[in-house]
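Undergrad:
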Amino acid sequence: MKNFKFAVASGCNVLLNESKLTILQERFHSMSFDIALNFNQRFNAMSSRLSTTLTRSDLAELNAFLITEKRRSFTKAAIELGITTSALSHTIRNLETRLGVRLLNRTSRTVSPTEAGESLALRLETGFKEIGDALEEINRMRDRPVGKLRLNVLSDGARLIMARHLPRFISKYPEVELEISVDDRMVDIVKEGFDAGIRFGGTVPEDLVAVRLGGELRWVAVASPRYLYQHTPPAVPEDLRLHNCIQLRTGQGVIYKWEFRKGEDYRVVDVRGQLCVSETALAIEMALAGVGIPYCLEDRVRDDIREGRLRVVLPEWAPLEEPMYLYYPGHRQVPQGLKELIEILREEIELTRAVSA
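Using my numbering, the letters of the sequence shown correspond one by one to residues 290 to 646.
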């Protein structure tokens, strides 16, 4: 469970009345006892110091173990927990010492659970989910959302959606913390512990809920006036093979082939060039410097085009493609703040489109 230590430490501060607190405490202690009792029954050759009454320190150690077991990496788990790798390793060793049993097998390259570790992780997953659901149930009785959202957003989405429209959400909902990972790789948001993600339509897994953000997006090839003065502008997409194009390696590790459309005429060009980058921002900077021609979303260079710093190459061939979508798992409760975030993003995007029309 993401950020469980924070949830346990702060969750009770948002309870509305004593009856709700009693319910939460009963569910919490019952599950804590159940985890410890079942583990004791299966692996009884362990230290007598293990108690069925879990302290905050116990819970922090168990949460650290669960995240490490899920990530199968001390480095990734430490990043998620916000601690150093050495501190996490020390925490796991302390837990194993107290329990009197090894939980994780470690090599220089891999981390895997022992039989005891696998059994404990399975019980903890259930127990932490139950406690988290109880806290979420209490939070939903508040007038305003509270908690933490972890989002995985591709770089175009970060620049065009989050950077432009997130300030209003942050101002309106100060009790919601956000962690945004900007990453163009195809990430399994459930496996990696994210609450939601933003990526282009057509790339969202079918088993996830997808919410459209804005309209279709126009893709353009652009160049600086200096570059176009020094080179003959292309007349058709295939002419780009004669130019120094700035290639883009996608998050999937492949070099993107540029797509063009004019009416029913659709063409794909495998361009060549001296430079290949994995970030659109750098490609745009290189275009402004007169290095060559990149291919990107028109919205990323709209100001540069308006100010004359860049010009669209083959404007009649610029295709309209799928919009971006915010997506999240539909098989679990929508986390606090996500619904409000979606509402604000859609409102802001629609307002921007109306003003621009």
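Note that CB positions come from ideal geometry on N, CA and C, so glycine has one too.
1. Would you tell me roughly how many angstroms separate the C-alpha atoms of Val590 and Arg507, rounded to the nearest one?
2. If I'm right that Asp473 touches Ser444 with Cβ under 8 Å, what's the distance once you round it to whole angstroms?
3. Measuring only the C-alpha atoms, how far is Cys585 from Val471?
4. Got a sec? Which residues, its chain only, sit under 6 Å from Gly371 by beta carbon, not counting five neighbours each side?
5. When DSSP labels each residue in this structure, what does Glu369 get in the three-state scheme?
6. Which of the three DSSP states, helix, strand or coil, is assigned to Tyr545?
7. What span of residues does the alpha helix (DSSP H) with Tyr555 cover, start to end?
8. For Gly436, which three-state DSSP category applies?
9. Check Pro583 in the structure and name its three-state DSSP category.
10. Report yes if the C-beta of Gln563 is less than 7 Å from at least one heavy atom of the ligand ZN; otherwise report no.
11. Going by DSSP, which residues form a beta bridge with Leu564?
12. Once the 5 residues before and after Pro624 are set aside, which same chain residues still bring their CB inside 7 Å of it?
13. So Met451 and Ile478 are in contact, right, with Cβ under 8 Å, and what is the actual spacing, rounded?
14. May I ask which residues mark the beginning and end of the beta strand (DSSP E) holding Arg453?
15. Looking only at its own chain, which residues have a Cβ that is under 8 Å from the Cβ of Leu689, when we skip the five neighbours before and after it?
16. May I have the straight-line CA-CA distance separating Arg391 from His379, to the nearest angstrom?
17. Could you check how far apart the C-beta atoms of His532 and Ile582 are, in whole angstroms? I think they sit under 8 Å.
18. Name the DSSP beta bridge partners of Ala499, please?
19. Is Ser401 helix, strand or coil when you go by DSSP?
20. Looking at C-beta atoms only, is the number of pairs between the stretch 394–412 and the stretch 347–366 that lie closer than 8 Å three or more?
21. Within the same chain, show all residues whose beta-carbon is closer than 7 Å to that of Glu568, passing over the 5 residues directly before and after it, in chain order.
22. CA-CA distance, Arg488 and Glu350?
23. Rounded to whole angstroms, what is the Cα-Cα separation between Gln519 and Asp528?
24. When you compare each of Ile420, Glu481 and Ala510 to Asp593 by their alpha carbons, which one comes out closest?
TA: On the basis of the data shown:
1. 11 Å
2. 6 Å
3. 17 Å
4. none
5. helix
6. coil
7. Counting along the chain, Tyr555 falls outside any alpha helix (DSSP H), though it belongs to the beta strand (DSSP E) covering Asp554 to Val558.
8. strand
9. coil
10. Ligands are entirely absent from the displayed structure, and the ligand ZN is therefore not among its contents.
11. Ile535
12. Gly436, Leu438 and Asp484
13. Not quite, the Cβ-Cβ distance comes to about 16 Å (not below 8 Å), so this is no contact.
14. Element bounds for Arg453: not the beta strand (DSSP E) but the alpha helix (DSSP H), Ala452 to Lys461.
15. Within the shown structure, residues of the chain are numbered from 290 to 646, placing residue 689 beyond reach of any answer.
16. 13 Å
17. 6 Å
18. Tyr616
19. strand
20. yes
21. Ser444
22. 35 Å
23. 15 Å
24. Ala510
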